[in-house]
Amino acid sequence: MIQNSPPRPSAWKGKGKITNEDYDDLRPTITYRHILSQNLGVRDPLRVIALCDSDAFYAACERVRLGLDASAPLVVQQWESLIAVSYPARKYGISRMDKVKDAKKKCPNLVTVHVATYKEGEREPGYWEDIDTRTHKVSLDLYRRESSKIINIMKQSLPSGEIEKASIDEAFLDLTRPVREKLLERYPYLAKFPDDAPEGADSPLPPPPPIDWNQLGELVPLTASGEGSEPQDEISNHEDDHFTTWHDVALSIGAGLVAKLREEIFRQLGYTMSAGISRNKFLAKLCASYKKPNSQTVLRNDAIPSYLRPMPFQKVCGAGFNAVSDRDDGIQIRFLGGKLGDALAKEYDVSTVGDLLTVSLGEMQNKFGENAVWVYELLRGIDGSEVKERSALFKSMLASKNLPKPITTFADGQHWIRVLAAELALRLKDAREEVPTLWPKTIVLHARKGYETSKSKQAAFPFTKDVSVDVIASAGNKLWKELMGGAAKVNITNVQLAFTGIEAAETGQQSIDGFFKARDVHHQPLKRHRDNDDELSPTRAESDIQDVPEQQERSWTSFVCDRCQNRIALRDDQLDWSDDERARALATLRQEHEDFHFAQDLENGSLPKKPSSSSRPASKRGRTVEPQGIAKFFGKK
Numbered sequence: 277m278i279q280n281s282p283p284r285p286s287a288w289k290g291k292g293k294i295t296n297e298d299y300d301d302l303r304p305t306i307t308y309r310h311i312l313s314q315n316l317g318v319r320d321p322l323r324v325i326a327l328c329d330s331d332a333f334y335a336a337c338e339r340v341r342l343g344l345d346a347s348a349p350l351v352v353q354q355w356e357s358l359i360a361v362s363y364p365a366r367k368y369g370i371s372r373m374d375k376v377k378d379a380k381k382k383c384p385n386l387v388t389v390h391v392a393t394y395k396e397g398e399r400e401p402g403y404w405e406d407i408d409t410r411t412h413k414v415s416l417d418l419y420r421r422e423s424s425k426i427i428n429i430m431k432q433s434l435p436s437g438e439i440e441k442a443s444i445d446e447a448f449l450d451l452t453r454p455v456r457e458k459l460l461e462r463y464p465y466l467a468k469f470p471d472d473a474p475e476g477a478d479s480p481l482p483p484p485p486p487i488d489w490n491q492l493g494e495l496v497p498l499t500a501s502g503e504g505s506e507p508q509d510e511i512s513n514h515e516d517d518h519f520t521t522w523h524d525v526a527l528s529i530g531a532g533l534v535a536k537l538r539e540e541i542f543r544q545l546g547y548t549m550s551a552g553i554s555r556n557k558f559l560a561k562l563c564a565s566y567k568k569p570n571s572q573t574v575l576r577n578d579a580i581p582s583y584l585r586p587m588p589f590q591k592v593c594g595a596g597f598n599a600v601s602d603r604d605d606g607i608q609i610r611f612l613g614g615k616l617g618d619a620l621a622k623e624y625d626v627s628t629v630g631d632l633l634t635v636s637l638g639e640m641q642n643k644f645g646e647n648a649v650w651v652y653e654l655l656r657g658i659d660g661s662e663v664k665e666r667s668a669l670f671k672s673m674l675a676s677k678n679l680p681k682p683i684t685t686f687a688d689g690q691h692w693i694r695v696l697a698a699e700l701a702l703r704l705k706d707a708r709e710e711v712p713t714l715w716p717k718t719i720v721l722h723a724r725k726g727y728e729t730s731k732s733k734q735a736a737f738p739f740t741k742d743v744s745v746d747v748i749a750s751a752g753n754k755l756w757k758e759l760m761g762g763a764a765k766v767n768i769t770n771v772q773l774a775f776t777g778i779e780a781a782e783t784g785q786q787s788i789d790g791f792f793k794a795r796d797v798h799h800q801p802l803k804r805h806r807d808n809d810d811e812l813s814p815t816r817a818e819s820d821i822q823d824v825p826e827q828q829e830r831s832w833t834s835f836v837c838d839r840c841q842n843r844i845a846l847r848d849d850q851l852d853w854s855d856d857e858r859a860r861a862l863a864t865l866r867q868e869h870e871d872f873h874f875a876q877d878l879e880n881g882s883l884p885k886k887p888s889s890s891s892r893p894a895s896k897r898g899r900t901v902e903p904q905g906i907a908k909f910f911g912k913k
């Protein structure tokens with residue numbers, strides 16, 4: 277049986293300045309207090325983080341859609357360029373640098389699929405034969421939907437874990453809590469420290485059991501094959517010189533959970549994934565590319581030094597830490613390429629992580645400031661970033677088109693607005709299937725010529741029962757008309773249509789639309805959103821906002837409701853707006869809050885009567901004040 281032993285000297289030594297003190301965190305003493313603690317965060321010595329990366333995701337989505345065998349060589353193209361290459365196609369030497377015609381020369385039986393596109397007159401994107409960049413727009417909706425399915429399976433399989441979607445084809449998993457649960461279930465004697473424990477809860481845990489790594493993936497070896505060699509060159513799952521730690525046990529449990537998760541995703545959706553499991557996000561991301569495709573790799577603490585040391589810190593490739601597309605064919609240390617990497621290489625005449633380890637923290641800080649601490653720690657495999665689950669709600673949605681043929685007439689602009697409106701309609705519809713009360717606050721149109729500063733117009737977006745291309749295109753066309761100002765000739769090379777301020781009503785709260793249905797009253801469509809005080813309310817048209825009297829404003833950022841005596845305030849992100857924008861936003865918030873109370877009155881069965889002209893309150897100018905907000909849609913004549 278492999279037992280714990282005192283920490284042995286690290287095998288990772290620099291050229292003269294590296295000492296064992298740099299690696300004290302690789303073998304921390306794990307106590308009963310650690311294993312019984314509910315939340316130690318990034319300092320938890322039993323922390324387990326995984327990065328799951330879908331293999332050639334776009335190509336996999338198209339393969340599954342077409343029902344092709346996994347061995348079929350397939351590429352996904354966007355116009356004449358390749359944006360995804362399946363692993364079977366890569367065996368023929370095909371890469372994303374190839375053009376379609378060149379790829380077919382390398383592999384005559386290559387399956388080529390053009391990404392779906394939107395075209396005018398169609399409500400959804402399709403796989404058309406007559407695609408043309410001058411009339412069609414690329415759609416990534418299929419990949420977004422499949423990505424959401426993968427995330428949902430992850431959440432169902434790991435209810436106590438934290439999941440952070442890193443990109444359309446990647447997700448970080450904090451497995452610390454589910455691993456802790458399995459650990460105590462498998463070794464119940466750890467749930468209580470012995471009565472004779474010399475330091476009570478702070479006593480070290482007993483020696484861990486041996487680990488059978490079979491079926492749990494690849495292990496990064498403890499020693500590299502030589503200075504400057506690629507870490508992928510050597511693979512070993514049987515290392516007699518390694519003393520098992522409780523963190524190794526935690527990693528093995530995490531690897532088992534990831535293996536089951538990958539199997540479930542393949543069973544339900546047909547997609548393979550590669551994964552990296554280690555102690556933090558940086559290392560998990562790095563080792564996910566250790567051996568691809570369809571594999572998982574475990575990087576134990578003792579293997580970190582020899583894994584990182586020979587790695588070129590400036591290696592430029594497609595698998596950056598913040599990748600946002602279907603790229604998975606290399607290794608890169610986050611942010612150590614580009615200008616920072618160039619500066620480090622020039623300053624110290626180095627090329628590998630091992631070379632930079634000879635630079636002291638003080639010296640690095642003198643040259644590059646306090647941010648050098650982050651670089652210094654990253655080179656030693658230290659990363660304190662958390663895995664944070666991102667909200668399923670989008671604050672904005674954007675549809676954009678770079679135009680190979682500029683828009684020169686008013687009608688040309690309307691064509692592209694309708695194409696962009698189709699994309700927004702589909703995306704908003706998909707989002708509302710998960711959150712039915714989701715609705716955008718504003719619609720924005722941007723237009724730009726070349727690299728000039730873009731011009732934009734925006735307006736409040738009205739709530740409608742059904743999301744449609746016609747409604748969005750109509751709103752977009754009004755903005756286009758305002759933006760162009762009646763010009764007969766225009767020259768636009770980029771056009772964007774966007775929703776902003778997307779919010780949702782409180783779960784379980786009856787919508788105002790429901791009140792209208794209950795009363796069977798014909799009404800103008802309204803929209804709903806949540807403000808900071810958790811009150812359900814509709815918005816008003818932009819023209820209504822401008823008519824609110826200035827004397828109603830009691831401050832620039834908040835007001836006190838006369839009915840409930842609560843202070844209603846703008847959101848933090850609105851405080852930096854211009855004075856005019858802030859005043860309008862506060863006026864909108866005030867009306868929305870009044871509408872909330874009006875809706876409550878309706879629910880209680882108190883339907884107000886429309887006041888007669890003689891009983892209406894008069895304004896200071898002698899005019900009668902009409903009911904505002906949703907109140908103007910009610911009352912008996």
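With my numbering, letter number 452 in the sequence shown gets 728, and the count goes up by one each step, no holes. Glycine residues also receive a C-beta, built at the ideal position from the N, C-alpha and C atoms.
> Secondary structure at E540, three-state DSSP: helix, strand or coil?
Replying inline: Within the sequence shown, numbered from 1, the residue matching residue 540 stands at position 264. Helix, per DSSP.
> Unbroken beta strand (DSSP E) runs of length 3 or more, entirely within the segment 541 to 571: which are they?
Replying inline: 549 to 554
>> Please state whether the Cβ-Cβ distance between R341 and A348 is less than 8 Å.
In response: Translated into the one-based positions of the sequence shown, residue 341 becomes position 65. Translated into the one-based positions of the sequence shown, residue 348 becomes position 72. No, they are not a contact pair.
> Based on Cα-Cα distance, which residue from E623, L674, Q491 and K765 lies nearest to S571?
Replying inline: To locate residue 571, count along the sequence shown from 1; it is residue 295. Among E623, L674, Q491 and K765, the Cα nearest to that of S571 belongs to Q491.
> When we look at the beta-carbon of N642 and count the other beta-carbons within 10 Å, is it buried (16 or more) or exposed?
Replying inline: The count along the sequence shown starts at 1 and reaches residue 642 at position 366. With fewer than 16 Cβ atoms within 10 Å of its Cβ, N642 is classed as exposed.
>> Assuming the contact rule is C-beta atoms closer than 8 Å, A477 and T307 should be a hit. Round their C-beta distance to whole Å, please.
In response: By 1-based counting over the sequence shown, the position of residue 477 is 201. By 1-based counting over the sequence shown, the position of residue 307 is 31. Confirmed, about 7 Å.
> Alpha carbon to alpha carbon, what distance is there between S554 and V574?
Replying inline: Taking the first residue of the sequence shown as 1, we reach residue 574 at position 298. Taking the first residue of the sequence shown as 1, we reach residue 554 at position 278. For V574 and S554, the distance between alpha carbons rounds to 6 Å.
> For I917, which of T864, L460 and V747 has the nearest alpha-carbon?
Replying inline: Outside the modelled stretch of the chain, which goes from 277 to 913, sits residue 917, for which no answer is possible.
> Which residues bound the alpha helix (DSSP H) around Q354?
Replying inline: By one-based count along the sequence shown, residue 354 stands at place 78. Run containing Q354: none in the alpha helix (DSSP H); it sits in the beta strand (DSSP E), L350 to Q354.
> Which residue spans inside the segment 336 to 424 form an unbroken alpha helix (DSSP H) run of at least 4?
Replying inline: Counting only runs that start and end inside the segment 336 to 424, the alpha helix (DSSP H) elements of at least 4 residues fall at 363 to 366 and 376 to 382.
> D706 and R421: beta carbons closer than 8 Å?
Replying inline: Residue mapping note: residue 706 aligns to position 430 of the sequence shown, counting from 1. Residue mapping note: residue 421 aligns to position 145 of the sequence shown, counting from 1. Yes, they are a contact pair.
>> Just verifying my parser: in three-state terms, what is the DSSP assignment at M587?
In response: Here residue 587 refers to the residue found at position 311 of the sequence shown. Three-state DSSP puts M587 in coil, outside helix and strand.
>> So, at 6 Å on beta carbons, what are the nonlocal neighbours of R703 in its own chain, with the 5 sequence-adjacent residues on each side left out?
In response: Here residue 703 is taken as the residue at index 427 of the sequence shown, counted from 1. Contacts found: M673.
> Excluding five sequence neighbours on each side, which residues of the same chain lie with their C-beta closer than 6 Å to the C-beta of V745?
Replying inline: Against the sequence shown, residue 745 aligns to sequence position 469. Excluding sequence neighbours, V745 sits near R399, A697, A698 and A701.
> Mapping DSSP to helix, strand and coil, what is F519?
Replying inline: Mapped onto the sequence shown, residue 519 falls at position 243. DSSP places F519 in coil when its eight states are reduced to three.
>> In the DSSP assignment, the beta strand (DSSP E) including D450 goes from what residue to what residue?
In response: The residue given as residue 450 occupies position 174 in the sequence shown. From DSSP, the beta strand (DSSP E) with D450 extends over E446 to D450.
> Given a threshold of 16 other Cβ atoms within 10 Å of its Cβ, counted over all protein chains shown, does L633 qualify as buried or as exposed?
Replying inline: Counted from its first residue, the sequence shown places residue 633 at position 357. Buried, because 16 or more other Cβ atoms sit within 10 Å of the Cβ of L633.
> On the three-state DSSP scale, how would you describe S750?
Replying inline: Position 474 of the sequence shown, counted from the first residue, corresponds to residue 750. DSSP, reduced to helix, strand and coil, places S750 within a helical segment of the structure shown.
> Looking at the unbroken alpha helix (DSSP H) that takes in A723, where does it start and where does it end?
Replying inline: To locate residue 723, count along the sequence shown from 1; it is residue 447. It is not in any alpha helix (DSSP H) - A723 instead sits in the beta strand (DSSP E) that spans T718 to R724.
>> Based on DSSP bridge pairs, tell me the residues matched to W715.
In response: Counted from its first residue, the sequence shown places residue 715 at position 439. Paired residues: E779.
>> Could you pull the DSSP bridge partners for M673 from this structure?
In response: For the purposes of this step, residue 673 is taken as the residue at position 397 of the sequence shown. According to DSSP, M673 bridges with F775.
> Alpha carbon to alpha carbon, what distance is there between K413 and F792?
Replying inline: The residue you call residue 792 lines up with position 516 of the sequence shown. The residue you call residue 413 lines up with position 137 of the sequence shown. Residue confidence is low: F792 scores 39 on pLDDT, short of 50, so the model does not pin down where it sits. No coordinate-derived value is stated.
> Could you give the residue range of the alpha helix (DSSP H) that holds E699?
Replying inline: Counted from its first residue, the sequence shown places residue 699 at position 423. Start and end: F686 to E710.
> Do you know how far the Cα of S750 is from the Cα of K382?
Replying inline: Within the sequence shown, residue 382 is the residue found at index 106, counting from 1. Within the sequence shown, residue 750 is the residue found at index 474, counting from 1. Cα-Cα distance, rounded: 48 Å.
> Apart from the five residues just before and just after G546, which ones in its own chain have a Cβ nearer than 7 Å to its Cβ?
Replying inline: What you label residue 546 is simply residue 270 of the sequence shown in a count that begins at 1. So the list reads V340, once near-sequence residues are dropped.
>> Can you tell me whether S528 is helix, strand or coil according to DSSP?
In response: Position 252 of the sequence shown, counted from the first residue, corresponds to residue 528. It is helical.
> On the three-state DSSP scale, how would you describe V743?
Replying inline: Counting from one through the sequence shown, the residue named residue 743 turns up at place 467. V743: coil per DSSP, three-state reduction.
> Helix, strand or coil: how does DSSP classify P474 here?
Replying inline: Here the question's residue 474 lines up with position 198 in the sequence shown. DSSP, reduced to helix, strand and coil, places P474 outside both helices and strands of the structure shown, so it counts as coil.
>> Taking the beta carbon of Q432 as the centre, do at least 16 other beta carbons fall within 10 Å, making it buried, or is it exposed?
In response: For the purposes of this step, residue 432 is identified with residue 156 of the sequence shown, where counting begins at 1. Flag for Q432 reads exposed.
> Quick one: is F542 buried, meaning 16 or more other Cβ sit within 10 Å of its Cβ, or exposed?
Replying inline: Residue numbering aside, residue 542 sits at position 266 when the sequence shown is read from its first letter. Exposed, by the Cβ-count rule.
> Run through DSSP, which three-state label would R303 get?
Replying inline: On the sequence shown, position 27 is the one that residue 303 refers to. DSSP places R303 in coil when its eight states are reduced to three.
> Looking only at its own chain, which residues have a Cβ that is under 7 Å from the Cβ of N753, when we skip the five neighbours before and after it?
Replying inline: Locating residue 753 in the sequence shown gives position 477, counting from the first residue. Same-chain partners within the cutoff: Q690 and I693.
> With C-beta atoms as the reference, is V918 less than 8 Å away from M587?
Replying inline: The requested residue 918 is not part of the displayed model; the chain covers only 277 to 913.
> Which one or two residues does DSSP pair with R843 in a beta bridge?
Replying inline: The sequence position of residue 843 within the sequence shown is 567, counting from 1. Answer is V836.
>> Within the continuous beta strand (DSSP E) that includes A467, where are the two ends?
In response: The residue labelled residue 467 in the question sits at position 191 within the sequence shown. Membership of A467 in any beta strand (DSSP E) is not indicated, and neither H nor E is assigned to it by DSSP.
>> Going by the DSSP bridge assignment, what does E665 pair with across the sheet?
In response: Within the sequence shown, the letter at position 389 stands for residue 665. Per DSSP, none; premise fails for E665.
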